[in-house]
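Asks:
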Amino acid sequence: MTESRDILGQLHSVLNNLQTLPYPHVSTPEGCKKRASVAVIIRVRPAFQPASTPNESLVDLDNDHTPASSIDEFFARPWVREGDPEVLFIKRAGRAGDRWSGHIALPGGKRDPEDESDIAAAVRETREEVGLDLSVQECLEAGNLPERIVATTFGQAPLMVLCPYIFIYTTKTTPPLRPSPDEVASVHWVPLRALLSPSLRTRIYVDTASRMAKQGGPVLQFILRLLVGRMMLSAVKLVPAESVYATSVPGFIPTAKETTFSGLAEGAFGIPASNTGLAHLQPLMLWGLTLGVLADFLDMLPPYNAVKLWNYPTFTPPDLRAFVWAFTYGMRKNNAHDLSAGTWPYKNRRRRASQTAMDATSFASAVTEGEPTKMSGKGVGVEGSGMGNPQDAVGRLLEGYYYRLNVAIAAFLMYRTAAGSAIVYYLWKLWKNRRARL
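See below:
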């Protein structure tokens with residue numbers, strides 16, 4: 049496939065650059081107790097070849113069982129040049145109290161005291177979650193992506209430092225995946241072609257009322273949900289080339305028919321579809337923090353459209369969307385002009401990618417060691433990209449956006465309050481007049 053050849057050629061160059069020029073280490077900020085690591089695992093699926101018959105004797109000319117000692121050696125192999133590169137994703141198991149329950153993610157997790165380094169944590173967590181050993185000779189370390197400080201959108205306390213690392217399997221076959229049912233519901237190999245396809249870019253709708261009124265109780269959350277609806281965030285619909293399911297998770301084979309109410313509750317109120325019903329057949333949506341990590345990587349590959357296909361976060365009610373559009377119009381126009389004019393001082397092509405991400409409960413921004421950390425807990429979002437001086441395109445586009453978003457929401461709530469009061473006053477006057485006639 050011509051498309052895959054183009055991607056492979058650029059992927060070869062990108063991985064060499066990442067090995068030569070690694071992103072800087074980000075120290076754990078004061079008040080933050082956690083570091084976590086994730087693994088971006090790449091393999092190349094060989095092109096189709098008919099199976100040999102018992103009478104045929106085929107010679108393995110491509111050394112498909114011999115590990116490559118370097119990235120250059122791997123990409124020089126004929127079967128690699130004709131193959132299709134893929135990335136491994138997991139769907140997290142549904143667990144009560146887990147902010148990322150049921151989300152699409154990369155293998156990885158929290159660094160433990162016994163881990164020698166951040167990359168060692170990524171290797172250990174991948175082994176525990178999907179049964180894949182990244183320390184074997186068949187797997188090459190291929191650099192890293194920008195480290196992020198993940199923090200809650202409310203409050204100034206950072207949650208953790210997230211460290212992404214890239215690995216590539218260099219043989220024709222990869223070991224069978226064995227997802228741990230306690231942590232992972234399923235694992236999926238997804239072609240890079242699918243991740244880069246414009247037709248698979250979409251939006252995901254997230255309930256933000258519970259976060260906005262966390263201390264206000266269920267009544268205030270219900271009122272806010274009626275007023276502001278749900279938040280619309282950029283997402284990518286995944287199209288796997290191969291999937292493996294943890295069939296022992298509770299509810300994999302449903303024991304009772306799913307009720308209409310439960311289905312509506314998942315769609316209307318943002319309740320994550322975990323491992324009940326037919327959750328393993330639901331669409332796989334890549335968004336939030338994981339999409340932010342992948343956007344860093346995807347923007348290095350053709351057709352370089354990560355920014356063009358990205359949309360500003362907004363809300364579902366049409367009148368609130370109009371407020372957000374009006375209050376952010378000038379900022380968006382100026383930032384888009386700067387981007388098209390090329391006036392932003394990018395350090396190099398690698399650092400143009402999306403280093404800022406947000407989901408329903410947290411935001412993350414890549415920072416450079418030594419840059420000042422800036423966090424704001426006011427309102428729905430975080431002013432600017434959250435931390436540091438953004439040198440990436442999406443981070444620069446977001447600079448100042450969440451401040452204006454907060455102002456738009458405040459104006460919208462005043463408008464709704466005034467309109468509601470006017471309606472109540474009109475109805476009261478109407479009732480009073482009718483009573484006077486009687």
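Our numbering numbers the first residue of the sequence shown as 49 and each following residue consecutively. All C-beta atoms in this analysis are idealised placements derived from N, C-alpha and C, irrespective of residue type, glycine included. What you are looking at is a predicted structure, and each value in this text was computed from that prediction instead of being measured.
My guess is that Ile89 and Leu332 are in contact by the Cβ rule of under 8 Å, so how many angstroms apart are they, rounded?
Replies: Their Cβ separation, rounded to whole angstroms, is 16 Å, which puts Ile89 and Leu332 out of contact at 8 Å.
Asks: Applying the 10 Å Cβ sphere with the 16-neighbour rule, what's the burial state of Trp237?
Replies: Burial call: buried.
Asks: Nearest-angstrom Cα distance between Pro288 and Tyr377?
Replies: If I take the Cα positions, the gap works out to 37 Å.
Asks: Closest to Asp347 by C-alpha separation, out of Leu59, Glu51, Ser52, would be which residue?
Replies: Nearest option by C-alpha distance: Leu59.
Asks: How is Met348 classed by DSSP in three states: helix, strand or coil?
Replies: In this structure, Met348 counts as coil in the three-state DSSP scheme.
Asks: Could you work out which residue in Met280, Ile197, Pro126 is closest to Glu78 when comparing CA atoms only?
Replies: With distances taken between Cα atoms, Glu78 lies closest to Ile197.
Asks: Could you tell me if Leu225 is buried or exposed, where buried requires 16 or more neighbouring beta carbons within 10 angstroms of its beta carbon?
Replies: The residue in question, Leu225, is buried, as its Cβ has 16 or more Cβ neighbours within 10 Å.
Asks: According to DSSP, His236 sits in a beta bridge with which residue or residues?
Replies: According to DSSP, His236 bridges with Phe137, Ser291.
Asks: Is Val92 near Ile138, with beta carbons less than 8 Å apart?
Replies: Contact: no.
Asks: Just list the residues that DSSP pairs Arg91 with in beta bridges.
Replies: Answer is Glu134.
Asks: Exposed or buried, Gln330, counting other C-beta atoms within 10 Å across all chains shown (16 or more means buried)?
Replies: Counting Cβ neighbours within 10 Å, Gln330 comes out exposed, since fewer than 16 surround it.
Asks: Please check the pair Phe123 and Leu56, which I expect to be a contact at CB under 8 Å, by giving their CB distance rounded to whole angstroms.
Replies: Sure, about 7 Å apart at Cβ, within 8 Å.
Asks: Rounded to a whole number of angstroms, what is the C-alpha to C-alpha distance between Asn65 and Ile119?
Replies: So the alpha carbons of these two residues sit roughly 11 Å apart.
Asks: Going by the DSSP bridge assignment, what does Tyr449 pair with across the sheet?
Replies: According to DSSP, which records beta bridges pairwise, Tyr449 is partnered with nothing at all.
Asks: Excluding the 5 residues preceding and the 5 following Pro206 in the sequence, name in chain order all residues of the same chain whose CB lies nearer than 6 Å to its CB.
Replies: Same-chain partners within the cutoff: Pro77, Cys80, Ile197, Ala199.
Asks: Which value, in whole angstroms, describes the spacing of the CA atoms of Ala374 and Ser247?
Replies: Roughly 28 Å separates the two Cα atoms.
Asks: Measure from the alpha carbon of Val232 to the alpha carbon of each residue in Arg175, Arg83, Gly336, then state which is nearest.
Replies: Nearest C-alpha to Val232: Arg175.
Asks: By a C-beta neighbour count over all protein chains shown, 10 Å radius and 16 as the cutoff for buried, is Met208 buried or exposed?
Replies: By the 10 Å Cβ count, Met208 comes out buried.
Asks: Just to confirm before moving on: does the CB-CB distance between Asn383 and Ser282 stay below 8 Å?
Replies: For Asn383 and Ser282, no; Cβs fall outside 8 Å.
Asks: Does DSSP classify Ile152 as helix, strand or coil?
Replies: It is a strand residue.
Asks: Whole angstroms are fine: how far does the CA of Ile216 sit from the CA of Val184?
Replies: Their backbone Cα atoms lie some 11 Å apart in a straight line.
Asks: Rank Thr222, Leu339, Ala190 by C-alpha distance to the C-alpha of Arg251 and give the top, closest one.
Replies: The residue with the shortest Cα to Cα distance from Arg251 is Leu339.
Asks: Using 8 Å for Cβ pairs, my map puts Asp160 next to Ala169. What's the rounded Cβ distance?
Replies: About 7 Å; that satisfies the 8 Å criterion.
Asks: CB Asp166 to CB Cys211, shorter than 8 Å?
Replies: In contact: Asp166 and Cys211 (Cβ atoms closer than 8 Å).
Asks: Might you give, ordered along the chain, the residues of its own chain that have their beta carbon closer than 8 Å to the beta carbon of Val341, omitting 5 neighbours on each side?
Replies: Counting only Cβ-Cβ distances below 8 Å, and skipping sequence neighbours, we find Val86, Val88, Leu154, Leu193, Arg196, Leu210, Pro212, Ala405.
Asks: Under 6 Å Cβ to Cβ from Arg241, same chain only, skipping five residues before and after it: list those, please.
Replies: Result list for Arg241: Glu51, in chain order.
Asks: According to DSSP, simplified to helix, strand and coil, what is Glu173?
Replies: In the structure shown, Glu173 sits in a helix (DSSP, three-state: H, G or I).
Asks: Between Ala456 and the rest of its own chain, which residues show a CB-CB distance below 6 Å, the 5 nearest in sequence each way excluded?
Replies: Closer than 6 Å at the Cβ level, and outside the excluded window around Ala456, lie Phe371, Val372, Phe375.
Asks: How would you call Phe460, buried or exposed, if buried means at least 16 neighbouring beta carbons within 10 angstroms?
Replies: Per the 10 Å Cβ criterion, buried.
Asks: Should Ile471 be labelled buried (16 or more other beta-carbon atoms within 10 Å of its own) or exposed?
Replies: Exposed, since its Cβ has fewer than 16 Cβ neighbours within 10 Å.
Asks: On the criterion of 16 or more Cβ atoms from any shown chain inside 10 Å, does Glu164 qualify as buried, or is it exposed?
Replies: Glu164 should be labelled exposed.
Asks: Roughly how many angstroms separate the alpha carbons of Arg369 and Ser149, rounded to a whole number?
Replies: Arg369 and Ser149: Cα-Cα distance of roughly 28 Å.
Asks: Using a Cβ-Cβ cut-off of 7 Å (strictly less than) and excluding sequence neighbours within five positions of Thr364, which residues of its own chain qualify?
Replies: Excluding sequence neighbours, Thr364 sits near Tyr253, Gly277, Arg278, Met280.
Asks: Starting from Phe300, trace the alpha helix (DSSP H) both ways and give me its first and last residue.
Replies: That residue, Phe300, is in no alpha helix (DSSP H); it is neither H nor E in DSSP.
Asks: Looking at C-alpha atoms only, which residue of Val284, Leu337, Leu268, Pro302 is the closest neighbour of Pro239?
Replies: When each option's Cα is compared against that of Pro239, the closest is Val284.
Asks: Can you tell me where the alpha helix (DSSP H) with Glu121 in it begins and where it stops?
Replies: Here the alpha helix (DSSP H) through Glu121 covers 119-123.
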